[in-house]
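J.: Per the UniProt record's numbering: the sequence shown = residues 1 to 401. Quick reminder that beta carbons are idealized off the backbone N, C-alpha and C, glycines included.
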Amino acid sequence: MDSQLGISEAEMNEMSLVLQSRVATDILTQVEGMLEQRTSVTLNIAVIGESGAGKSAFINAFRGVADDAPEAAETGVTATTQMAKGYPHPNARNVLLWDLPGIGTPSFQPNTYLEDVGLLKYDFFIIVTADRFQQCHYTLAKYITQAQKKFYFVRNKVDRDLEANARRRSQKCLSDDDILMQLRANCEKNLTIGQVETPRVFLLSSFYPQSYDFPALQMTLLEELEGHKQHALLLSLPNLSTSVIQSKRKALAGAVWQTAMATCLSSVGVGSTMHAVVPKLMDTLKSYQQAFCLDDVSLQRLASITGISFEDLQREVTSTFGRQLSAQEVEGCLSQAVSAKQFLVTQLERSVPILGTVVFGGIITFAASYILLTTALKNLSEDGERVMQKVLIVSVCKQNS
């Protein structure tokens, strides 16, 4: 049963195990180690495909950066990738997308390609194409599967196929759904011919990541990754769906007690405990803003991609933690949390009695920090959804114009 504070019984038990028979410095080391494990893992994603398929544009869209941004992968109509190059996510440097040399070129040798690019280095592969299915696609898919690695097949530039269909005047146009169904069936059929069982095919456009199968690709990757690598990918993803935003909130909420505990323990003996925790809480709240793509840099990046002004996007961010993040605001929120939830401190002290002893009275600060961070996650996720809806509306209007 969850406590009134919102801490589950499982979290209470975990806290008790960590706190049992340890002094504050030992507990702090253990809790900080638990938090570091969530951010220290590296995720390597390989993106392969024939020259001109839009691999670089896909990498930029996946990372949420504009094609002309300084950190963008180079795009062009000719082959721009001669050797593997890794592009880290702007806000999550431990997540890298690797633009691999194009297949279907004279230098491409199917039998040695994967070995040449370092097959074992990558966690999974994304095969990108934009035209007719080629033999090299299922050859690569077969070799990747034989190496017990996962791959996902992306049919890029489907907006171009739909536009071409709409321009046909000499024959009755098929519906968009019919065109997409044909494209998907063709890819799945050819992969099956290549002895690939249950192929995962995603139809998308790097120019409209909010549409088609881009959000579905995100969720599939999350579902099939595990542990800290799943967490790393999740926090790096642009907000293309409510599911991604809510998954971020849930993942970050799972570490709130460790964050509040580390914040509280690190302030032991440093003047006023309540005042001393503010800088660390500020750092955590800034990381939350980045995770939900709400910091100024992320909003500027989104503005350059969508054409929506930074000011219009910022107006969708209405929470205190999204817009008015300052030391004074954080300290004020802490004080409000203490006064509003004072009666819950006794319950927490009873549930985890050693906490009050170890932190030397910091239990009130812990409770206030926990409440503040939990509230911030709720408010920031709601801000993220408003910004996402704004972008989605503009994207639909552009596609229909």
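1. Quick check: what's the CA-CA separation for A262 versus L233?
2. Report the rounded CA-to-CA distance for Q98 versus K150, giving the unit in angstroms.
3. The alpha helix (DSSP H) that contains N186, what's its start and end?
4. Skipping 5 residues on each side, what residues in its chain have a beta carbon closer than 7 Å to that of K121?
5. Can you name the residues that DSSP bridges to residue 411?
6. Does the distance from the C-beta atom of V277 to that of T374 stay below 9 Å?
7. For I371, which beta-bridge partners are listed by DSSP?
8. Quick one: grab the DSSP three-state call for F124.
9. According to DSSP, simplified to helix, strand and coil, what is A61?
10. If you follow the beta strand (DSSP E) that Y87 is part of, which residue opens it and which one closes it?
11. DSSP three-state label for K149, please.
12. Let me confirm a value: R200 is counted as buried when at least 16 other C-beta atoms fall within 10 Å, else exposed. Which label applies?
13. Nearest by alpha-carbon distance to K398: which of G54, S51, E163, V65 is it?
14. In the structure shown, what three-state DSSP assignment does I393 receive?
15. State buried or exposed for P209, treating a residue as buried only when at least 16 other CB atoms are found within 10 Å of its CB.
16. When DSSP builds the beta bridges, which residues end up paired with E50?
17. What does a CB cutoff of less than 6 Å around L237 pick up in its chain, not counting 5 residues either side in sequence?
18. Could you pull the start and end residues of the alpha helix (DSSP H) that V288 belongs to?
19. Quick one: grab the DSSP three-state call for A10.
20. What do you reckon, are the CB atoms on S211 and V396 nearer than 9 Å?
21. What number of angstroms, rounded off, separates the C-alpha of N400 from the C-alpha of F366?
22. Could you tell me which uninterrupted alpha helix (DSSP H) segments, each at least 4 residues in length, are contained entirely in the stretch 220-275, listed from first to last along the chain?
23. Taking only the alpha-carbon atoms, compute the straight-line gap between D312 and V196 and give it to the nearest angstrom.
24. Suppose contacts are defined by Cβ-Cβ distances below 9 Å. Is D123 in contact with L225 by that definition?
25. How is N94 classed by DSSP in three states: helix, strand or coil?
26. Between the beta-carbon of D383 and the beta-carbon of E329, is there less than 9 Å?
27. Could you check whether A141 and I127 sit closer than 9 Å to each other, using their CB atoms as the reference points?
28. Alpha carbon to alpha carbon, how far is V31 from A10?
29. Whole angstroms is fine: what's the gap from Q300's alpha carbon to I308's?
30. In this structure, how does DSSP classify L380 when only helix, strand and coil are distinguished?
31. Assign A92 to one of two classes, buried (16 or more other C-beta atoms within 10 Å of its C-beta) or exposed (fewer than that).
32. Quick one: measure Cβ to Cβ for Q289 and G322, integer angstroms, because I've assumed they're closer than 8 Å.
33. Give me the Cα-Cα distance between L96 and Y370, rounded to the nearest whole angstrom.
34. Can you tell me whether DSSP reads L43 as helix, strand or coil?
35. So for E36, helix, strand or coil by DSSP?
36. Would you please state the rounded distance, in angstroms, between the beta carbons of V47 and L100? I believe it to be under 8 Å.
T.: Looking at the coordinates:
1. The straight-line gap from Cα to Cα measures roughly 24 Å.
2. The sequence shown places Trp at residue 98, not Gln. CA-to-CA, the gap between W98 and K150 works out to about 15 Å.
3. Residues 176-193.
4. Within the same chain, N44 come within 7 Å of K121 by CB-CB distance, once the 5 residues on both sides are set aside.
5. Not covered by the structure: residue 411. The range shown for the chain is 1 to 401.
6. Between V277 and T374, the gap from beta carbon to beta carbon reaches 9 Å or more.
7. Per DSSP, none; premise fails for I371.
8. The three-state secondary structure of F124, taken from DSSP, is strand.
9. Per DSSP, reduced to three states, the secondary structure at A61 is helical.
10. Element bounds for Y87: 85-88.
11. Three-state result, K149: coil.
12. The residue is buried, with at least 16 neighbouring Cβ atoms inside 10 Å.
13. For the residues G54, S51, E163, V65, the minimum Cα distance to K398 belongs to E163.
14. Helix.
15. By the neighbour-count rule (16 or more Cβ atoms within 10 Å), P209 is buried.
16. DSSP, once it has assigned bridges, lists I103 as partnering E50.
17. Shown here for L237: same chain residues with a beta carbon closer than 6 Å to its own, the five before and five after excluded, namely Q218, V244 in chain order.
18. For the sequence presented, residue 288 should be read as Tyr rather than Val. Per DSSP, Y288 belongs to the alpha helix (DSSP H) from 278-291.
19. Correct three-state label for A10: helix.
20. Judged by beta-carbon spacing, V396 lies within the 9 Å limit of S211, meaning their Cβ atoms are closer than that value.
21. Using only the alpha carbons, I get a separation of about 51 Å.
22. DSSP runs (the alpha helix (DSSP H)) wholly in the stretch 220-275: 227-236, 242-253, 256-266.
23. Linking D312 to V196 through their CA atoms gives a straight-line distance of about 46 Å.
24. Result yes, Cβ atoms of D123 and L225 sit closer than 9 Å.
25. When secondary structure is reduced to three states using DSSP, N94 falls in the coil class, being assigned neither helix nor strand.
26. For D383 and E329, no; Cβs fall outside 9 Å.
27. Note that the C-beta distance between I127 and A141 is below 9 Å.
28. When rounded, the distance between both Cα atoms is 16 Å.
29. Straight-line Cα distance between these residues: approximately 10 Å.
30. In the structure shown, L380 adopts helical secondary structure according to DSSP, grouped into three states.
31. So A92 ends up on the buried side.
32. Yes, Q289 and G322 are in contact; Cβ-Cβ is about 7 Å, under 8 Å.
33. Cα-Cα distance, rounded: 32 Å.
34. Collapsing the DSSP output to three states places L43 in a strand.
35. Helix.
36. Contact holds; Cβ gap of about 6 Å.
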